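**Student:**
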Amino acid sequence: MKKILIVSYYFPPLNLIAAKRYGTMCKYFEEYGFEPYIITTKHDRAFIEWNVRFDLKLPVSQKQIIQLGKSKKNHEIKNRLIRFILQLLASNNIASGTVGTRAFGWFTEVKKNIDFNAIKDVDIVIGTYPGMENLYVARYLAKKIKCPYIVDIRDLISDYKETPGSTKNIRWIDRIIEKYILGEASGIIAVTPGFRNILKKRYPNKKFEVVFNGYDNLEKVRKVNTTSAEKILYYAGSLYMHRLESFELLVQCLSKINLKMNEKIRLVVRSIGPKALDLKAKKIVQREKVQEFVTILGAVSEEVIRQEQQNSYINIIFSTIHEYDEALVTTIPGKLYEMLNMNPPILAIAPGRSDINYILENTRKGIATVLEEEIIRFILKGNNEYTGNGNITCFTRKRQAKRFCKFVNEVLEDI
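Using the numbering used here, the first residue of the sequence shown is number -13, and each one after it goes up by one.
#1: Can you tell me whether Ser287 is helix, strand or coil according to DSSP?
#2: In the structure shown, what three-state DSSP assignment does Asp264 receive?
#3: Could you pull out every residue in the same chain whose Cβ sits closer than 7 Å to the Cβ of Thr213, ignoring the five residues on either side in sequence?
#4: Can you grab the Cα-Cα spacing for the pair Ile175 / Gly113, in whole Å?
#5: Just to confirm before moving on: does the CB-CB distance between Asp341 and Thr379 stay below 8 Å?
#6: Is the distance from the Cβ of Ala267 to the Cβ of Leu326 below 8 Å?
#7: Are Tyr135 and Lys97 closer than 8 Å when you measure CB to CB?
#8: Secondary structure at Asp160, three-state DSSP: helix, strand or coil?
#9: Using DSSP's beta-bridge definition, name the partner residues of Arg256.
#10: What are the start and end residues of the alpha helix (DSSP H) that includes Phe102?
#11: If you draw a straight line from the alpha carbon of Ile353 to that of Leu74, how long is it in whole angstroms?
#12: If we count Cβ pairs, one from each stretch, closer than 8 Å, do we get three or more for the segment 59 to 73 versus the segment 84 to 91?
#13: Is the number of C-beta pairs between the segment 214 to 233 and the segment 286 to 301 that are closer than 8 Å three or more?
#14: Out of Glu347, Gln50, Lys(-11), state which residue places its alpha-carbon closest to the alpha-carbon of Pro(-2).
#15: Around the Cβ of Ala104, are there at least 16 other Cβ atoms within 10 angstroms (buried) or fewer (exposed)?
#16: Report the CB separation of Leu333 from Ile300 in whole angstroms; it is logged as a contact under 8 Å.
#17: Taking the straight line between their C-alpha atoms, what separation do you get for Arg69 and Val123?
#18: In whole angstroms, what separates the C-alpha of Lys388 from that of Leu42?
#19: What are the start and end residues of the beta strand (DSSP E) that includes Asn301?
#20: For Thr382, which residues in the same chain have their Cβ closer than 6 Å to its Cβ, ignoring the five residues on either side in sequence?
#21: Let me make sure I understand the geometry here. Which of Gly169, Glu312, Gly376 has the alpha-carbon closest to that of Ile184?
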């Protein structure tokens, strides 16, 4: 049995999509020849930006999980030079995907506290991005114990243009650091075909594989019969600036459906934040005068969300509405896969050429569009034919774990 070390800042019981990728998939690794070990941190509820729960089950024994540092202290920078650089960036409203307090803070905590005897016989290290701290740690540990490492890309490092408020980005620095980290990796795993294609142009000599996030609820959640005749569009997750744009588009479509066409269709949003964007979403609802039809609620347990998703009329995915935004067009939200295995169809507010639409077309489970007329038509009468097909089972976590382990074996055999 080969040993694999996963570096993931977020991990169960923390209930985030970032924690679910390996927090679910690695429970299947032993079946495919790998004993997984995890390096993560201890999370303090008061230092989590989102309103999330701590209710995910551990996929492996607690003995296989190494917790280093605490989220309360991982942002503390003791090195004066690094602290000066970070303060300089902050004072100039400059954001970075590779340079940040947590990236350097947790990396320092790991270097200071890691027991190399506990990981000396590891065969390969996996670092998953985001955040950048995972890649710094993975590269460092692999160098120390003299084994290869693989970079797992869940989000692009140097391609996103979106920054909060008036913040500027320094993508050229992010690109330099990306090349430094990915250039030394023995393989690159991407969560979407679009990510792989973008990165393959930069790193043509690297081994690549696509491992989707997938879903793990192998049995469908049963639909609960209710006396309510309400048709509910349902979204659960976080709100970002680009998702806020697609939220606004959907709200405008609902305004026409309810106020001009005399229908009664509601949108329910279960948001985990950030709170500032929740407030912006509520202002959009007020401006469009659809408070009667749009409700923004707080986070609840995983079980409640799954039940609400199953009982919805249509499940919603929010993405970018801009076709030219290559980074976001090639992003597939992890929640999409879990919706594939439920009864309701899926409406993604995203361009038709997006990777989201690639999944929906292959599974015949819904559509991705940013055209108002198509959104309205789908909501009113165009969704009945999207009941799914056999391709949905291709996206189980177990199948993706098998694909992952096969690729890791190929990387090890080439070394």
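Cβ coordinates follow ideal geometry from the N, Cα and C atoms, glycine included.
Small disclaimer: the values here were computed from a predicted structure and weren't measured.
**Tutor:** Inspection of the coordinates gives the following:
#1: Translated into positions along the sequence shown, residue 287 becomes position 301. Reduced to three states, the DSSP call for Ser287 is coil.
#2: Indexing the sequence shown from 1 puts residue 264 at position 278. Asp264: helix per DSSP, three-state reduction.
#3: Here residue 213 is taken as the residue at index 227 of the sequence shown, counted from 1. Annotation note: pLDDT 47 at Thr213 (below 50); position unreliable, no value reported.
#4: Locating residue 175 in the sequence shown gives position 189, counting from the first residue. Locating residue 113 in the sequence shown gives position 127, counting from the first residue. Using only the alpha carbons, I get a separation of about 10 Å.
#5: As a working note, residue 341 is residue 355 in the sequence shown. As a working note, residue 379 is residue 393 in the sequence shown. No, they are not a contact pair.
#6: Counting from one through the sequence shown, the residue named residue 267 turns up at place 281. Counting from one through the sequence shown, the residue named residue 326 turns up at place 340. One thing to note: Ala267 has its Cβ no nearer than 8 Å to the Cβ of Leu326.
#7: The residue you call residue 135 lines up with position 149 of the sequence shown. The residue you call residue 97 lines up with position 111 of the sequence shown. No.
#8: Position 174 of the sequence shown holds residue 160. Three-state DSSP puts Asp160 in a helix.
#9: Within the sequence shown, numbered from 1, the residue matching residue 256 stands at position 270. Partner(s): Ala222, Leu283.
#10: Taking the first residue of the sequence shown as position 1, residue 102 is located at position 116. First-last for Phe102: undefined, no H or E at that position.
#11: Within the sequence shown, residue 353 is the residue found at index 367, counting from 1. Within the sequence shown, residue 74 is the residue found at index 88, counting from 1. Cα-Cα distance, rounded: 45 Å.
#12: yes
#13: yes
#14: As a working mapping, residue -2 is identified with position 12 in the sequence shown. Comparing Cα-Cα distances from Pro(-2) to each of Glu347, Gln50, Lys(-11), the minimum goes to Gln50.
#15: As a first step, residue 104 is located in the sequence shown; it is residue number 118 there, counting from the start. Classification for Ala104: exposed.
#16: For the purposes of this step, residue 333 is identified with residue 347 of the sequence shown, where counting begins at 1. For the purposes of this step, residue 300 is identified with residue 314 of the sequence shown, where counting begins at 1. Yes, Leu333 and Ile300 are in contact; Cβ-Cβ is about 5 Å, under 8 Å.
#17: Here residue 69 refers to the residue found at position 83 of the sequence shown. Here residue 123 refers to the residue found at position 137 of the sequence shown. Computed Cα separation, rounded: 19 Å.
#18: As a first step, residue 388 is located in the sequence shown; it is residue number 402 there, counting from the start. As a first step, residue 42 is located in the sequence shown; it is residue number 56 there, counting from the start. Each residue's Cα considered, the two are about 22 Å apart.
#19: On the sequence shown, position 315 is the one that residue 301 refers to. Unbroken beta strand (DSSP E) run through Asn301: 300 to 304.
#20: Looking up residue 382 in the sequence shown gives position 396. In the same chain as Thr382, and ignoring 5 residues on each side of it, the C-beta atoms closer than 6 Å to its own belong to Gly200, in chain order.
#21: In the sequence shown, counting from the first residue as 1, residue 184 sits at position 198. Looking at the Cα atoms, Glu312 is the closest of the given residues.
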